[in-house]
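For the sequence shown, the positions run 19 to 329 when my numbering is used. All C-beta atoms, glycine included, are put in the ideal place defined by N, C-alpha and C. Being a predicted model, the structure only gives us computed values, none of them experimental. The structure appears below as structure tokens.
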Amino acid sequence: MPRRAPLRGLGGRSGARREGAEDAPVLNIGHRGASGYAPEHTIAAYDLAKKMGADYVEQDLQLTRDGVLVSLHDETLDRTARPTAESAPGDCTGPVREKTLAQIKTCDVGSWFNEAYPQYASEEYVGLRIPTLEEVFGRYRKSVNYYIETKSPEAAPGVEEELLRLMDEYGLTRPAAEKWQVLIQSFSPASLQKIHALDPSLPLIQLYAGAETSQTIQPRLDLAATYAVGIGPSKNDVDRPLVEAAHARCLDLHPYTVNETAEMEGLINLGVDGMFTNFPDRLEAVLGKDAAAGKTGASLASRANAACRES
Numbered sequence: 019m020p021r022r023a024p025l026r027g028l029g030g031r032s033g034a035r036r037e038g039a040e041d042a043p044v045l046n047i048g049h050r051g052a053s054g055y056a057p058e059h060t061i062a063a064y065d066l067a068k069k070m071g072a073d074y075v076e077q078d079l080q081l082t083r084d085g086v087l088v089s090l091h092d093e094t095l096d097r098t099a100r101p102t103a104e105s106a107p108g109d110c111t112g113p114v115r116e117k118t119l120a121q122i123k124t125c126d127v128g129s130w131f132n133e134a135y136p137q138y139a140s141e142e143y144v145g146l147r148i149p150t151l152e153e154v155f156g157r158y159r160k161s162v163n164y165y166i167e168t169k170s171p172e173a174a175p176g177v178e179e180e181l182l183r184l185m186d187e188y189g190l191t192r193p194a195a196e197k198w199q200v201l202i203q204s205f206s207p208a209s210l211q212k213i214h215a216l217d218p219s220l221p222l223i224q225l226y227a228g229a230e231t232s233q234t235i236q237p238r239l240d241l242a243a244t245y246a247v248g249i250g251p252s253k254n255d256v257d258r259p260l261v262e263a264a265h266a267r268c269l270d271l272h273p274y275t276v277n278e279t280a281e282m283e284g285l286i287n288l289g290v291d292g293m294f295t296n297f298p299d300r301l302e303a304v305l306g307k308d309a310a311a312g313k314t315g316a317s318l319a320s321r322a323n324a325a326c327r328e329s
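Shown next as structure tokens:
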């Protein structure tokens, strides 16, 4: 079983960390960016997550009708997109895969946030547009770590190949393999297995739906370990048996979505290796001096995972 290692930033509490993970930080993953404070999956949210100390910034991928990867959580535009003066009727509603990039680029994806969260509203959010993955890579290059999800890949043939093509084009494939600069996650085992077949060096994370439990996830960890370096369960499914079962297979554990300080502390005490949060500043405060500096968290986590697999 993995050794228990002290977590100094939590007043001497200990957690069931994975073998070899004593020096690895708990990763702070900006869920859709700093989406508690800014419109999700916009450059504003990504910039803010980086500023607030996130070790990773998450991108959910959707594929447009003309084959462009864009960063948007939902399969449809309806929840977060609003038409602008540039939009034709229907441009900003319905499935992304039925729209061209030109159509969805007319949509405002900031105004909804101001309406929903007036306490964090900003005039700067009005008129924000959906970024393409290429625009995200072009803006940040190697200055951030990316946590990328293939969303509903069965409905978007070719999403995996296009993702890997862009990673190659922007020089991110080797850093992903060597120091986890890009982690790729999906609820779809088939999507991850396809990526693993295309490039077995890439670090993959198997997601599990909130309807799962620790008891239903544990029997599937042996399969996940054949292609993934970690798992992403719902925060509500994480207990010590799941942490220990994952770590026994050298699988990192990154639950979603953790927004309250007490929950963050409890999960760290259980021994998780990172977590998704809409409020990266809160997790940064919880981690204190044990928070990773700059981009180092990814490389330290990668090194610890490799050490576990070699032991």
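N- and C-terminal bounds of the beta strand (DSSP E) containing residue i
i, result
"residue 167", "164-168"
"residue 248", "248-250"
"residue 295", "292-295"
"residue 76", "74-81"
Buried or exposed (CB count within 10 angstroms, at least 16 for buried), residue i
i, result
"residue 219", "exposed"
"residue 281", "buried"
"residue 312", "exposed"
"residue 142", "exposed"
"residue 89", "buried"
"residue 191", "buried"
"residue 171", "buried"
"residue 133", "exposed"
"residue 104", "exposed"
"residue 31", "Note that residue 31 scores a pLDDT of 36, beneath 50, so its modelled location is shaky; the value from the coordinates is reported in the next line. Residue 31 is exposed by the Cβ-count criterion."
"residue 228", "exposed"
"residue 25", "Low per-residue confidence applies at residue 25: pLDDT is 39, beneath 50, and the placement is therefore not dependable, though the value from the model is reported in the following sentence. The residue is buried, with at least 16 neighbouring Cβ atoms inside 10 Å."
"residue 279", "exposed"
"residue 40", "exposed"
"residue 156", "exposed"
"residue 173", "exposed"
"residue 221", "buried"
Opposing strand residues paired with residue i [DSSP bridges]
i, result
"residue 204", "224"
"residue 89", "79"
"residue 113", "94"
"residue 126", "100"
"residue 274", "252"
Host alpha helix (DSSP H) of residue i (start-end)
i, result
"residue 46", "Here residue 46 belongs to no alpha helix (DSSP H); instead the beta strand (DSSP E) covers 45-48."
"residue 131", "129-134"
"residue 64", "61-69"
"residue 344", "Absent from the structure is residue 344, since the part of the chain shown begins at 19 and ends at 329."
"residue 190", "Looking at the DSSP string, residue 190 is not in any alpha helix (DSSP H), and its letter there is neither H nor E."
"residue 256", "Looking at the DSSP string, residue 256 is not in any alpha helix (DSSP H), and its letter there is neither H nor E."
"residue 234", "232-235"
"residue 156", "151-158"
"residue 305", "298-305"
"residue 321", "314-328"
"residue 279", "279-288"
"residue 41", "Per DSSP, residue 41 belongs to no alpha helix (DSSP H) and is neither H nor E."
Cα-Cα separation between residue i and residue j, rounded to whole angstroms
i, j, result
"residue 130", "residue 136", "10 Å"
"residue 125", "residue 77", "18 Å"
"residue 204", "residue 169", "7 Å"
"residue 217", "residue 211", "10 Å"
"residue 272", "residue 290", "6 Å"
"residue 284", "residue 188", "38 Å"
"residue 247", "residue 198", "10 Å"
"residue 85", "residue 214", "22 Å"
"residue 117", "residue 167", "20 Å"
"residue 315", "residue 326", "17 Å"
"residue 51", "residue 253", "18 Å"
"residue 242", "residue 110", "37 Å"
"residue 122", "residue 91", "14 Å"
"residue 233", "residue 255", "9 Å"
"residue 27", "residue 100", "Note on residue 27: pLDDT 39, under 50, position unreliable in the model; the coordinate value appears next. When rounded, the distance between both Cα atoms is 43 Å."
"residue 158", "residue 270", "25 Å"
"residue 320", "residue 305", "19 Å"
"residue 53", "residue 180", "26 Å"
"residue 207", "residue 276", "24 Å"
"residue 80", "residue 178", "11 Å"
"residue 329", "residue 67", "35 Å"
"residue 64", "residue 163", "11 Å"
"residue 56", "residue 176", "30 Å"
Any non-hydrogen atom of the ligand MN closer than 8 Å to residue i Cβ
i, result
"residue 280", "With respect to the ligand MN, the structure shown offers nothing to examine, as it has no ligands at all."
> Counting Cβ pairs, one atom from each stretch, are 3 or more of them under 8 Å apart for the region 298-316 and the region 138-154?
Replying inline: no
> Touch check for the region 38-52 and the region 68-76: three-plus C-beta pairs under 8 Å?
Replying inline: Taking a cut-off of 8 Å on C-beta distances, the region 38-52 touches the region 68-76, as three or more cross pairs fall below it.
> If we count Cβ pairs, one from each stretch, closer than 8 Å, do we get three or more for the region 95-104 versus the region 178-187?
Replying inline: no
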